[in-house]
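First comes the structure, then the notes that go with it.
Number of protein chains: 2
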Amino acid sequence: MDFNLSCPIPKSEYDKVLLAHGGGGTLSHQLLQKIFFSQFKNDLLDVHHDGAMFEINGNKFAFTTDSYVVTPIFFPGGNIGELAVNGTVNDLAVCGAKPLFISAGFIIEEGFEIEELWQVVLSMKAAADKAGVKIITGDTKVVDKGKGDKIFINTSGIGVIEKGINIAPNNCKPGDVILLNGRIADHGIAIMSAREGLEFETEVVSDSAPLNGLVESILSLTKNVHVMRDPTRGGIASALNEIAASANVGIEIYEDKISISEEVKGACEILGLDPLYIANEGKILIFVPESESDKILHVMRTHEYGKESQIIGRVTSENPKIVLMKTLIGSKRVVDMITGEQLPRIC
Amino acid sequence: MDFNLSCPIPKSEYDKVLLAHGGGGTLSHQLLQKIFFSQFKNDLLDVHHDGAMFEINGNKFAFTTDSYVVTPIFFPGGNIGELAVNGTVNDLAVCGAKPLFISAGFIIEEGFEIEELWQVVLSMKAAADKAGVKIITGDTKVVDKGKGDKIFINTSGIGVIEKGINIAPNNCKPGDVILLNGRIADHGIAIMSAREGLEFETEVVSDSAPLNGLVESILSLTKNVHVMRDPTRGGIASALNEIAASANVGIEIYEDKISISEEVKGACEILGLDPLYIANEGKILIFVPESESDKILHVMRTHEYGKESQIIGRVTSENPKIVLMKTLIGSKRVVDMITGEQLPRIC
């Protein structure tokens with residue numbers, strides 16, 4: 012091991028990790044690119060995807076990992092355990108994989124209530140059953156009081172990818188339309204409202220849901236799907252920017268097609284947040300050739316988690332690597348990659 | 012989800028998670044059995060193994076996960092990054108699998124030095140290269156200062172198991188001999204000495220090492236291996252107790268065959284610790300039919316990580332679920348499962 016290899020992020024820039032390094036925006040990307048990808052690079056590393064893919068004896072698999080550090084751990088519409096299962100199920104699903112097996116690694120702070128642990132575990136079990144996956148291996152570590160925060164959960168997952176499915180961020184092509192399965196920003200605002208004690212006429216609840224069933228119903232209809240992505244940390248803005256950059260295409264979205272609840276709009280105004288950048292946990296962006304979009308939309312709208320599906324945009328050859336939004340008033344604005352940290356510890 | 016399902020650990024017993032619940036002993040087992048296994052139970056769950064096994068289209072795989080919370084993160088002989096890779100490589104290897112792919116999930120405390128992160132990542136890369144595995148997917152979360160402890164790393168891993176290999180804790184049979192590949196307790200004492208500022212004439216360094224090469228050389232010689240286990244948290248005493256309980260056999264070990272360095276013996280005396288219960292990160296217990304043991308020992312002793320391999324004990328039909336040690340003075344003593352927490356955050 013050569014410790015003389017010098018760190019690629021110069022001290023003059025950042026010498027300590029900031030919350031924004033975990034926010035899913037520009038600083039996260041810098042950390043990934045310069046520290047992790049530069050070292051771990053190999054032919055299978057999932058540089059621009061939600062999971063890695065590999066093949067063994069002609070069988071194609073997806074493999075993904077996520078750690079969950081959401082606070083509070085219980086929030087309207089879910090808790091950290093359910094989120095940890097759904098998040099990993101969804102990361103596999105958007106690779107075009109059928110999720111099969113999940114691991115669960117717990118880092119528990121000394122003093123955490125056993126009753127709360129029990130409720131987290133119950134809801135993981137329920138989420139796994141709902142998604143049709145098995146939790147087959149696990150690990151528990153306990154850290155001293157003050158060295159953790161109640162509970163962190165890592166879930167990793169393995170899924171199988173049927174032959175003929177080829178989904179990757181750089182697969183999208185000019186002319187593709189972009190489908191979205193419903194209202195955005197509910198998860199992030201549910202977390203924020205729990206943290207800040209905000210109250211709405213109608214409670215905003217997390218959209219946390221397993222999306223593998225929805226994906227399966229689409230892929231059983233057609234394998235002609237180019238990209239899928241669940242817009243979690245950093246919201247749909249960050250996901251679309253990543254895809255535009257990765258495929259070197261332009262993306263145009265239509266503000267009037269992007270559904271946001273009145274409560275979420277109100278909360279975003281109060282908190283000074285842009286819903287395009289807010290995390291979702293039950294949403295999926297799907298890039299398909301225009302010719303396939305009608306039948307896919309139809310199937311999506313008949314699914315429990317796709318009733319409000321819409322075409323929200325399209326891929327263009329103009330403005331490569333740029334996401335533009337046609338606003339309600341008819342102008343266009345650039346939707347940048349987020350730079351800082353809107354909402355720490357949202358998932 | 013039914014939140015009325017009542018928690019199986021009554022409040023009168025423990026209402027909060029203790030450090031000992033993560034120590035690999037009796038309390039850890041209670042937490043696993045009553046909380047995790049009771050809910051997650053399925054046909055593939057690795058209740059008594061270091062990883063789970065599953066089969067897809069005739070291909071057999073192992074899947075494992077571990078979170079690393081060791082403190083200090085840099086210690087004599089290694090750091091948390093190298094440990095995270097070796098630990099998961101070893102968990103796969105002791106399932107009889109060839110480790111292929113690793114995921115890396117980082118939970119970083121705000122304010123952690125980027126330079127330290129860089130060094131951790133460099134050593135993960137070096138460890139992965141040495142073990143011949145690829146890190147193919149990852150995740151980074153940042154938690155606020157005071158809500159974590161520098162860095163926690165989860166690694167999950169996937170390996171393939173060759174046909175004809177069938178290794179599981181309940182496979183051992185009376186008459187099997189137990190092989191161990193060298194000195195015990197170095198890892199735990201290296202960590203403790205770094206924490207407590209102990210100094211020895213010769214520095215005690217962690218034995219952290221990838222064991223997949225050693226395992227591969229054994230399994231290419233014979234597939235007639237019954238059990239393998241890396242005795243990490245809880246040491247060889249806990250590993251042997253788990254195996255004895257799982258296979259409903261007795262285990263007898265010989266004190267004069269268990270190698271411990273003078274420095275480690277001294278440190279254990281000062282700290283009031285029993286080396287049988289101290290974590291190792293480069294050791295493996297192997298249960299094989301006596302008829303196979305000579306040739307396996309020979310192969311082990313020619314390997315970089317097996318030079319000091321010994322037969323340290325045998326499996327008996329007497330005293331099921333009990334581990335007995337023949338001491339240096341000729342008496343026998345019961346080597347119990349550890350109840351509390353000898354060394355928190357050792358891995």
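Quick mapping for you: the protein sequence lines, in order, are chains A and B.
Each residue of the first sequence is one higher than the one before, starting from 12 at the first, in our numbering.
Each residue of the second sequence is one higher than the one before, starting from 12 at the first, in our numbering.
We treat Cβ as the ideally placed atom computed from N, Cα and C, and that holds for glycine.
In this text, all values refer to a predicted model and were calculated from it rather than measured experimentally.
Check, Outcome
"8 Å Cβ cutoff, B/Val345 in contact with chain A", "no"
"CB contact flag (B/Gly107, B/Met239, <8 Å)", "yes"
"Cβ of A/Asn291 within 8 Å of any chain B Cβ", "no"
"Cβ-Cβ separation, A/Ile113 to A/Val96 (assumed contact under 8 Å), whole Å", "6 Å"
"Contact the region 60-71 of chain B vs the region 162-177 of chain B: 3+ CB pairs below 8 Å", "yes"
"Exposure of A/Asp160, with buried meaning 16 or more beta-carbon neighbours within 10 Å", "buried"
"7 Å Cβ shell around A/Glu263 - same chain, five flanking residues per side excluded", "Gly324, Arg325, Thr327, Leu335, Lys337"
"Per DSSP, cross-strand counterpart(s) of A/Phe163", "A/Ile118"
"Simplified DSSP assignment, three categories, for A/Val131", "helix"
"Own chain, CB closer than 6 Å to A/Gly98, minus 5 neighbours either side, in chain order", "Asp77"
"Residue-chain proximity (B/Thr350, chain A), Cβ-Cβ < 8 Å", "no"
"Residues within the region 231-254 of chain B neighbouring chain A, beta-carbon criterion of under 7 Å", "none"
"DSSP state of B/Pro110 mapped onto helix, strand, coil", "strand"
"Beta-carbon neighbours of A/Asp57, restricted to chain B and to distances below 7 Å", "Ile147, Thr148"
"Alpha-carbon to alpha-carbon, A/Val345 and A/Lys332", "11 Å"
"Cβ-Cβ distance between B/Ser217 and B/Pro87 below 8 Å", "yes"
"DSSP three-state assignment for A/Asn192, whether helix, strand or coil", "coil"
"Distance, B/Leu287 Cα to B/Asn235 Cα", "27 Å"
"Proximity winner among B/Ile200, B/Lys71, B/Asn223, B/Gly122, relative to B/Ile289 (alpha-carbon distances)", "B/Ile200"
"Coil, strand or helix - B/Val153 by DSSP", "strand"
"is_contact[A/Glu66, chain B] using C-beta, thresh 8 Å", "no"
"Residue interval of the beta strand (DSSP E) (run including A/Gly324)", "321-327"
"Whole-angstrom distance between A/Ala138 and B/Met12, CA atom to CA atom", "Only weak support is given to the placement of B/Met12: the predicted model assigns it a pLDDT of 41, under 50, and the question is left unresolved by the model."
"Counted within 10 angstroms of its Cβ, other Cβ atoms place A/Asp187 as buried (16 or more) or exposed", "buried"
"Straight-line Cα distance separating B/Ser270 from B/Leu308", "16 Å"
"Enclosing beta strand (DSSP E) for A/Ile333 [first to last residue]", "No beta strand (DSSP E) holds A/Ile333; DSSP gives it neither H nor E."
"Contacting positions in the region 70-93 of chain A - beta carbon closer than 7 Å to chain B", "Asn70, Phe74, Thr75, Thr76, Asp77, Ser78, Val80"
"Cβ of A/Ile362 within 8 Å of any chain B Cβ", "This structure leaves residue 362 of chain A out entirely; chain A is present only between 12 and 358."
"Whole-angstrom C-beta distance between B/Ile281 and B/Ile162, which should lie under 8 Å", "Not quite, the Cβ-Cβ distance comes to about 29 Å (not below 8 Å), so this is no contact."
"Test item: CB-CB of A/Glu329 and B/Cys18 under 8 Å", "no"
"Rounded straight-line distance, which links the Cα of A/Glu274 to that of A/Glu212", "8 Å"
"Residues that B/Gly72 bridges to, as DSSP identifies them", "The residue you asked about is not Gly; residue 72 of chain B is Phe in the sequence shown. DSSP lists B/Phe65, B/Val171 as partners of B/Phe72."
"Beta-carbon contacts of B/Pro355 that lie in its chain and below 6 Å, excluding the five residues immediately before and after", "Leu30"
"Helix, strand or coil at B/Phe211 according to DSSP, with G and I counted as helix", "coil"
"CB-CB length for A/Cys183 against A/Ile254, believed under 8 Å", "6 Å"
"In DSSP terms, what A/Val238 is bridged to", "A/Phe298"
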